[in-house]
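S.K.:
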Amino acid sequence: MPRREDLRRILLIGSGPIVIGQACEFDYSGTQGAKALAAEGYEVVLVNSNPATIMTDPELAVRTYVEPLTVDSLTKVIERERPDALLPTLGGQTALNLALALDEAGVLAKYGVELIGASPTAIRKAEDRGLFKLACEKVGLSVPKSGHAHSVEDARAIVAEIGYPAILRPSFTLGGAGGGIVWSEGELVAKVEWALAQSPTREVLIEQSVLGWKEYELEVISDSVGNFAVVCSIENIDPMGVHTGDSITVAPAMTLTDRELQRLRDGARAIMREIGVATGGANVQFAVNPANGDVIVIEMNPRVSRSSALASKATGYAIAKVAAKLAIGYRLDELRNDITRVTSAAFEPTIDYVVTKWPRFAFEKFPGADPRLGTQMKSVGEAMAIGRTFCEALQKAARSLETGKDGLSSGLATQDYPALAQALERESRRDLGMEAAPDPHTAVRNEPTIDEQRAALRRLIAIPTADRFFQVADALRLGIEEAEIHAITGIDPWFLAQVRRILACERALTGAALEPTRVRGAKQLGFSDRQIARAAGKTETEVRTFREGAGIQPVFSRVDTCGAEFVAHTPYMYSTYETVDETPPDTDRRKVIILGGGPNRIGQGIEFDYCCVHAAFALREQGFETIMVNCNPETVSTDYDTSDRLYFEPLTFEDVLAICRNEARGGKLAGVIVQLGGQTPLKLAKPLVAAGIPILGTSAEAIDRAEDRALFDALLGKLGLQRPKGSIANDAAGARQIAQELGYPLLVRPSYVLGGRAMMIVHDQQELDHYVGVAVEVAMEAMRDAQAGHQKPVILLDQFLKDAIEVDVDCVADGTTVVIGGVMQHIEEAGIHSGDSACVLPPHTLPRHVVASIKEQTRMLAIELGVRGLMNVQFGVINQMTYVIEVNPRASRTSPFVSKATGVPLAKIAAKVMAGATLTELGIVDEVVPRHVCVKESVFPFSKFPGVDTILGPEMRSTGEVMGIAATFEVAFGKAITAASGPLPTSGAVVFSVRDEDKPVAIVCARKLHRMGFTLLATGGTAAAFGRAGLPCESVQKVRDGSPHIVDRIRDKDVVLVINTTTASREIRDSYAIRRQSLLTGKPYFTTMSAALAACDAIQAGATCAPGAPIEVRSLQEWHAKPASG
Amino acid sequence: MSERRAMLALADGTTFVGRALGAEGTTTGEVVFTTGMTGYQEVLTDPSYSGQIVTMTAPEIGNTGLNKEDGEDARPRLAGYVVREASNIVSNWRADESLDGYLARHGIVGIEGIDTRALTRHLRDHGSQNGAIGLLPDDNSAAREALVRKAREAPNMEGLDLATGVSCKVPYAWKEGTGLWKPAAPGAPDAKKIDKRVVAFDFGIKRNILRCLVDAGCDVTVVPSNTSAAAVLDLRPDGVFLSNGPGDPAAVTYAIETVRALLGKKPIFGICLGHQILGLALGATTSKLRFGHRGINQPVRDLTTGRIEITTQNHGFVVDVDSIGDAATVTHLHLNDGSVEGLAHKTLPAFSVQYHPESAAGPHDSLYLFERFTSAF
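Okay, structure coming up:
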């Protein structure tokens, strides 16, 4: 069946902001889908609220709507666009749920929109546990036995059926709160009662435990006539009990016989048919009992998933692209395999290498978060690595994480395992209640004995955490038997045996002279030069010199989908220590290497990948051969289509240098771009320059001048620009003295940390003293990770610009000309990390002359630094005085937002400038200031971290962003809030609990809300202030005054909005429960007065985006076509 | 795990130095590669690999050991075995033995630790060729040359009848079906009782074919490859099966004659070598592929239904598409290179497939063929 001729316009829904569990992979699939549909001649209409995506680039669709992903706004888009079909399977769970909701609301039927790729019935069958169970049983497959309990008696009956241990999953709780495992009869009553109490419907799902069973996933694809293929099998190293997104995984499956694997394949096929997935990719998860091979089906996703992205990158099979083509009528056998060109897409890839994926966590950003891994995903990103053997792939993945590990390195010398074990067990006992987390305290590392370490490791590895696999390696190092470790962890003995090989090699290297055979052997097991150096007591450079002298160099192999059976035409490369290099022959084109950002983390995510992808596109336009290096499987940058050549490699100096040398060997390497991928590539700039590799764009010295405090002060001094006064302290006494000179409040942070890590505002000496201990500890840790051990940690103290308005500016410069990309005014006041605050483009309240001054200062900085490429500057504005807070001569997190707001592709322009073009040549002369207003709002992962406070501060914690675009600020803000957390309310009760200094503004807000018919609730002081202002207000008790208190009240249905601000740390602890409860009950809440006020204005302007609100949707193409002022 | 140095030498002089695996000694054979990521035990015991040195393109081999159930024959038949990494541990609930131990016990010479991707690319680009594996205690040019010479002296696969050598010598009955491992796949044979009789020619038959025939309700008698048509008919079968096997089909002339004699007398079903023999009996010709089809991911189109099957394949020879006369129709085609994957006589109940519908190892997409066979009885 060829492409369907009866369809003309197809609507594609994206997955919205990056959140835990839904990240760049859906930009990757959406982008592939949009490209594939457009290439087939369809009109693609796209909706996604996330501006930092490639899929929302206006070129990829005829109309691109950056609008909230709600039924209401999608209905409006459908009403306007009248698409023939909706393809919901490329936008994650979000798109699938929306498609189902649109179907249930009758919208699809009303406008005659056909759901393609998956039917509503199929989606329901896969998503509804009950229906899914029936479907599985119908085809003879088992699912975990389970039952719903509403009482302890129910529970007893269910457990009698399924046996111990049993898993408790309370219904309708966020973040798995109240869930747990009942191990024995003795625990049943207490745990079930607790679980029932946590559920708003007093309902608990009790499920048979398959803890310790091996976990597998099959990525499958099928077409409309039932042709079916398994693209990839994936095995989780962490057995059942750890979410697959949080597990270290391996492809292909390593510990299944063919009979066992085919049994899973038969099962996956039967489920696909029974569920009735129309066409496209899907994912089926299985648990396999290691003792007897019994198989249980865990779940099935009738759509492209995170694992599909991994499977695509692992095999070279473009699942999303193929899925899009299958959805429009093609059969699998009508499609070609892009990699080989001559073979069919109807086949099952086979690979002659091993792929490992290692999740990346951000627990350090969420003090109080439960570090134990379980059924709720907690990782924020992942790294993938390719090696010829499991050992090689494993160690490459470990160093790709950028968590200070240069392989499967030991923590025995740096970690206090007994203390860690104790802390973890304390965590296990802490109930996930409404209690704030204890303050992080400074642990003094004792020197534990080997026996103590061994005993601690036995306890630690029993509980899955982010570092467990490293601890498993240390347990082996200390001589704990593999059999025992297998018994404790359930990790398959095969994986433990591979670790043993790595450790044997490590031992052989330790203290021994470098010797070619041994070094080659180590490299084949994935050892980095650093790892070898540490074991052998050499420096990394010494090892590299020796290695290169001995002719031990990596070769670059290709990912070819077919185990070398056919010639691969796509240069998708990975390094390995084999004998034949498969780098394509040189052309006469000049080459540019673009370094990506590595695994997603808080502060470095999709925004930087977006910039790297744009650079590849732009430089290809300029006739360069573009070469991408990255190790994040979720991204568009690691799509082999994005650049001329893809190296799926760790972003360490060693790995990048090898690639640079490989590319420089015969061809013309113009240079390397380091300024688009965030901190990861930026920190390679200096060593690469030292190694003689040309860096394109802004020089490493300029980067230094902006980052080194003394040089930065000198720079500002030279230009006569202001910055908040600040100084450096070496210890507590020094800090106190500086504090006295500068005055409180102060912004304090340790040196050598990134992304606002451990940055804090202190209000008095007591807070400062407490902070100094923590800061030093964090700095020490960071330096250990960075191996900058020779420097002494210091504390940076700066005057805190209280109540200042923060402003972000992005610009592009070519050394002589500077063009402003956009000026963004933050909605939250200074003190909230710029990545976490909402912002408005163009500024909505700043006076014209202040904006002009900000632009002028930006120009001066760009010229003085000789910026070639992008630069971001942050300013603080108080009483029309501007202060420079930070200068980053590189791509910023806001680059994609600015581009989506203005229609000017900043990153593309920057890449062309870096490669030698001038802005004048490119025709970029004037800033584009749109007449419309764009608001960026941040999205937070708090619901995934029970126990974590939601209050915002100088340390960034958001994972993603959304954009609202409209003619007015209020509507744009309303859209942004709706896209981030749901529509603002139009009536009901509003809870206020604000600090004294916010009371005047709170009264303004309250008055507006009161006039609009909202009722007011407030705690003591706030209520009194409202009373004095003549506002009717119900007074509620604070939590410490006893029940019924404010938190009880928030649970009530009539409360629709919570406004809560605090300053001092004691108050923060007191009010923690207010914020947590708001989050748990899913009510909109604001923790800054400025955001609350903006929300009131939005509500007043009718911009709530509540169903039926008269809010227009409009595409980026239309917004950008409107004339803008120069 | 051995640290003894070994070498694989190809007839064209290319050499790969690695570590000895399995039995000590020297072996020669045609060096081929197979791309299946699972199923090494099935590969090791597939009699069709007789006379061949088999390279696994998947790098980690031996992880799940070897067990009593998954063998396709009682012992390995291949001439040599080449892997990138032989597992240092066995991990599976059914495992009885390690790869190294199994090979050693059966006297199979192997090599590990060589760049199997480089070898595969070489075979792909220059075609399959003979090779030799031997120990290389001293890495000198004389030792290397000696092994290259051995590779060159090995007999050429073309014109070689290997089926006779691996065939059983006396007939036997086969009763075992797939049992607990019965595939839950569309078209899987699932007869309620054994009520049909099949005579299966053993040219190197895989056990899973026999199991599938039993699942299809057949009482199977396996007969030696040189059994005469008359002897077969004496057994009063409902159908005659022609098995897979090693070597050049054109060299098994006596079997081609026998099949010709049986045509029209009984329904015939052939797999792999059996397919080639049927083709030859129908007047077609066969020739050698450059490097063959070996793997468990090969896409085939069933021309009658248009459906795609992901198939298991293991063949170096192929029925020439242009040589198929008026007597037969092509029923299946390989999606990648358009080679003949299935044949059927236009009027008589005789058909065959080049691939392995019994899989083992591989997907269960083509099991319907067994019932297609029995429905012709």
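Top to bottom, those sequences are chains A and B.
Under my numbering, the first sequence is numbered contiguously, ending at residue 1128.
Under my numbering, the second sequence is numbered contiguously, ending at residue 437.
We put the CB at the ideal spot given by N, CA and C, even for glycine.
Comparing C-alpha positions only, which one of A/E189, A/I208, A/P254 sits nearest to A/L220?
M.R.: Checking every option, the nearest Cα to that of A/L220 belongs to A/P254.
S.K.: Does the CB of B/P243 have a neighbour CB from chain A at under 7 Å?
M.R.: yes
S.K.: Across which residues does DSSP place A/S836 in a beta bridge pair?
M.R.: In the DSSP output, where bridge partners are listed per residue, A/S836 has none listed.
S.K.: Could you name the residues of chain B that A/P495 contacts, counting a contact when the two beta carbons are closer than 9 Å?
M.R.: I149, V150, S151
S.K.: Below 8 Å on C-beta distance, what does A/M256 contact in chain B?
M.R.: Neighbours of A/M256 on chain B, chain order: E120, N123.
S.K.: What is the rounded straight-line gap between the Cα of B/V390 and the Cα of B/A404?
M.R.: 7 Å
S.K.: Apart from the five residues on each side of it in sequence, which residues of its chain come closer than 7 Å, Cβ to Cβ, to B/N123?
M.R.: S147, S151
S.K.: Would you check if the distance between the CB atom of A/I595 and the CB atom of A/C614 is smaller than 7 Å?
M.R.: no
S.K.: Does the beta carbon of A/L505 sit closer than 7 Å to a beta carbon anywhere in chain B?
M.R.: no
S.K.: Who are the neighbours of B/I368 on chain A, taking C-beta pairs under 7 Å?
M.R.: N229, L334, D335, A348
S.K.: Does the beta carbon of B/A206 come closer than 7 Å to any beta carbon on chain A?
M.R.: no
S.K.: Given a threshold of 16 other Cβ atoms within 10 Å of its Cβ, counted over all protein chains shown, does B/L240 qualify as buried or as exposed?
M.R.: exposed
S.K.: Closer than 7 Å, Cβ to Cβ, to anything on chain B: give me those residues from the region 573-595 of chain A, in chain order.
M.R.: Under the 7 Å Cβ criterion, the region 573-595 of chain A contributes E580, T581, V582.
S.K.: Does the CB of B/N200 have a neighbour CB from chain A at under 7 Å?
M.R.: no
S.K.: Which same chain residues end up closer than 8 Å to A/A704 when comparing Cβ atoms and leaving out the 5 residues on each side of it in sequence?
M.R.: L867, G868, V869, P891
S.K.: So with Cβ pairs under 7 Å, would you call B/P359 a contact of chain A?
M.R.: yes
S.K.: From A/F288 to A/E301, what does the alpha carbon distance come to, in whole angstroms?
M.R.: 7 Å
S.K.: When we look at the beta-carbon of B/Y232 and count the other beta-carbons within 10 Å, is it buried (16 or more) or exposed?
M.R.: Residue environment: B/Y232 is assigned as exposed (fewer than 16 neighbouring CB atoms within 10 Å of its CB, all protein chains considered).
S.K.: Compare the C-alpha of A/R956 against each of A/A734, A/G605, A/A111 and name the closest.
M.R.: The residue you asked about is not Arg; residue 956 of chain A is Pro in the sequence shown. Out of A/A734, A/G605, A/A111, A/G605 has the C-alpha closest to the C-alpha of A/P956.
S.K.: Which word fits B/H186, buried or exposed, when buried means at least 16 other C-beta atoms lie within 10 angstroms of its C-beta?
M.R.: So B/H186 ends up on the exposed side.
S.K.: Which one of B/G277, B/S399, B/I316, B/V292 has the shortest CA to CA distance from B/R432?
M.R.: B/G277
S.K.: Counting C-beta neighbours from all protein chains within 10 Å, is the total for A/I829 16 or more, i.e. buried, or is it exposed?
M.R.: Buried, by the Cβ-count rule.
S.K.: Please give me, in chain order, every unbroken run of the alpha helix (DSSP H) with length at least 4 that falls completely inside the region 183-230 of chain B.
M.R.: 201-213, 223-226
S.K.: Would you list, in chain order, the members of the region 255-276 of chain A that have their beta-carbon closer than 9 Å to a beta-carbon of chain B?
M.R.: A255, M256, T257, L258, T259, D260, R261, E262, L263, Q264, R265, R267, D268, G269, R271, A272, R275
S.K.: Terminal residues of the continuous beta strand (DSSP E) containing A/M379?
M.R.: That residue, A/M379, is in no beta strand (DSSP E); it is neither H nor E in DSSP.
S.K.: Is the region 224-231 of chain A touching the region 491-507 of chain A, taking contact as three or more C-beta pairs under 8 Å?
M.R.: no
S.K.: Please identify, using Cβ separations under 8 Å, the residues of the region 338-372 of chain A that lie next to chain B, in order along the chain.
M.R.: V344, T345, S346, A348, F349, E350, P351, T352, I353, D354, Y355, V356
S.K.: Cβ of B/G219 within 7 Å of Cβ of B/V91?
M.R.: no
S.K.: Along the region 165-183 of chain B, where does the CB come closer than 8 Å to a CB of chain A? Name the residues.
M.R.: D175, T176, R177, A178, T180, R181
S.K.: Does any C-beta atom of chain B lie closer than 7 Å to the C-beta of A/E45?
M.R.: no
S.K.: Kindly list the residues whose CB is nearer than 6 Å to the CB of A/V1041, restricted to its own chain and excluding five residues on each side of it in sequence; keep chain order.
M.R.: H1047, V1049, A1075
S.K.: Report the start-end ranges of each alpha helix (DSSP H) in the region 186-223 of chain A that is 4 residues or longer and not cut off at the edges.
M.R.: Scanning the region 186-223 of chain A for uninterrupted alpha helix (DSSP H) segments of 4 residues or longer gives 187-200, listed from N- to C-terminal end.
S.K.: In angstroms, rounded to a whole number, what distance separates the CA positions of A/A438 and A/L1081?
M.R.: With a pLDDT of 45 at A/A438, under the threshold of 50, the modelled position of this residue cannot be trusted, and the question is left open.
S.K.: Got a sec, what are the start and stop residues for the alpha helix (DSSP H) A/C662 sits in?
M.R.: Annotation for A/C662: the continuous alpha helix (DSSP H) segment containing it runs 655-666.
S.K.: Does the region 883-903 of chain A come within contact of the region 673-693 of chain A, defined as at least 3 CB pairs closer than 8 Å?
M.R.: yes
S.K.: Report yes or no: is there a C-beta of chain B within less than 7 Å of the C-beta of A/F472?
M.R.: Not closer than 7 Å to any Cβ of chain B, the Cβ of A/F472 fails to qualify, so no.
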